[in-house]
Each structure stands twice: as structure tokens, then as C-alpha cells.
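Visitor:
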Amino acid sequence: MTDKDPARTPAAAPHTPEDFPFTVSGTLVERMGMELLEVGAQRTSARMPVEGNTQPYGLLHGGASAALAETVGSIAAALHAGPDRISVGVDLNATHHRAVREGWVTGVATPLSLGRSVASYEIVVTDDQDRRVCTARLTCALRDKPPGA
């Protein structure tokens, strides 16, 4: 695809969760209480409650932060890939900066590199006071949709 392909331009990308072309019903997104706030290849965001996503000490589970990061990064990569392609996470790393015991956390994915076969995103997870909780990087392979998908 070229840079002038409408499927790749920010104006053509969905900007509200209602425009998102995939369902989240019955997925980890739903189970963890994630709410999509904004969707697009250039920026995707979602929030998640801390309650129900904690480890035994009552702190937000690091795996929950990673799941939020992979969710927003994968959605952004899928939108970059276009309607006839899929994104598959191949590498995720996360650094946890601070503990959170209550409220919500918000993850925002922005691109680091958008190519034809690979997309990489930085995801910043913040708490209700806009303090950085986690910084993650996700790399997704972009592939043609399998038959029947």
C-alpha cells in the first residue's frame, strides 16, 4: 500500500470505539473491564478498572497492565494493517513504575514504526492522577487474513 492509500490515512481511520470494526464481546477486553476510548492507527486508548485486576496484595497486577498495553497496541496495529490484514503480537515488554490500588488506569498507544509487515507501538499506562504506571513496547507482525477470518 502507498502513503496515499485511504485505509492508511489518519482521517480514514476510526476515531471512536463505535466505529471500531471488530467485536470485543467475549474477549479478555470484556473480562477485564476494559473500555475503548479512542481507536486509530496513530492513537488508540482504553481504560481499565484496578478493582478485579489486582494481585493478592491488592495492587494492580503487572500482567493486567501488560494486557491493557497489548490490547491498545494490537488494535492500533490492526487498524494500520487495514481491513484485509491482521496484526499478531510478537514481542511485548513492560516496565512497571508505580503501584496502583484503586481507580482506573488508562493505556495510550502511539506508533514507533509503521511498516508493511511490522508495526511497533509505545504504550503508556497512567493512573487517575495522570502518573505513569507502566511503559510498554509492542511489536506486531502484520499478515494477510486467513481464509474464513
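Numbering follows my numbering, with no gaps: position 65 of the sequence shown is 85. Where is the CB? At the ideal position from N, CA and C, for every residue including glycine. Remember, it's a predicted structure, so these values are computed and weren't measured experimentally.
Pull up the CB-CB distance for Arg121 and Gly72, whole angstroms please, since I reckon it's below 8 Å.
Guide: The Cβ separation is near 13 Å, so there is no contact.
Visitor: For the stretch 159 to 166 and the stretch 136 to 148, state whether three or more C-beta atom pairs, one from each stretch, are separated by less than 8 Å.
Guide: Output reads yes: the stretch 136 to 148 touches the stretch 159 to 166.
Visitor: With distances taken from CA atoms, which of Val125, Asp150, Gly109 and Pro166 is nearest His81?
Guide: Considering only alpha carbons, the answer is Val125.
Visitor: Identify, in the order they occur along the chain, each residue of the same chain with its Cβ nearer than 7 Å to the Cβ of Ala87, setting aside the five sequence neighbours on each side.
Guide: So the qualifying residues of the chain are Leu48 and Met52.
Visitor: For Asp25 and Thr74, I'd like the C-alpha separation in whole angstroms.
Guide: Bear in mind that the predicted position of Asp25 carries a pLDDT of just 37, short of 50, making it unreliable; the figure below should be weighed with that in mind. Distance between the alpha carbons of Asp25 and Thr74 is about 43 Å.
Visitor: Going by beta carbon distance, what residues of the same chain come within less than 8 Å of Leu57, once the five residues before and after it are set aside?
Guide: These residues qualify, in order along the chain: Pro37, Ser65, Ala66, Arg67 and Thr126.
Visitor: Take the Cβ of Val108 as the centre, count every other Cβ of all protein chains shown within 10 Å, and call the residue buried at 16 or more, exposed below.
Guide: Counting Cβ neighbours within 10 Å, Val108 comes out exposed, since fewer than 16 surround it.
Visitor: Measuring alpha carbon to alpha carbon, tell me which residue in Thr91, Glu50, Ala98 and Thr43 is nearest Val144.
Guide: Out of Thr91, Glu50, Ala98 and Thr43, Thr91 has the C-alpha closest to the C-alpha of Val144.
Visitor: Nearest CA to the CA of Arg118: which residue from Gln149, Glu55 and Thr130?
Guide: When each option's Cα is compared against that of Arg118, the closest is Gln149.
Visitor: Sorry if obvious, but does the Cβ on Ser107 come closer than 6 Å to a heavy atom of the ligand SAH?
Guide: Among the components modelled here there is no ligand, and therefore nothing to report on the ligand SAH.
Visitor: Taking 6 Å as the limit between beta carbons, can you name the residues of its chain near Ala31, skipping five residues before and five after?
Guide: Low per-residue confidence applies at Ala31: pLDDT is 38, beneath 50, and the placement is therefore not dependable, though the value from the model is reported in the following sentence. Contacts found: none.
Visitor: Buried or exposed: where does Thr29 fall if 16 or more other Cβ atoms within 10 Å of its Cβ makes it buried?
Guide: With a pLDDT of only 39 at Thr29, under 50, the local geometry of the prediction cannot be trusted, and no value is derived from it.
Visitor: Select from Ile95, Pro166 and Asp104 the residue whose C-alpha is nearest the C-alpha of Val59.
Guide: Ranking the options by Cα distance to Val59, first place goes to Ile95.
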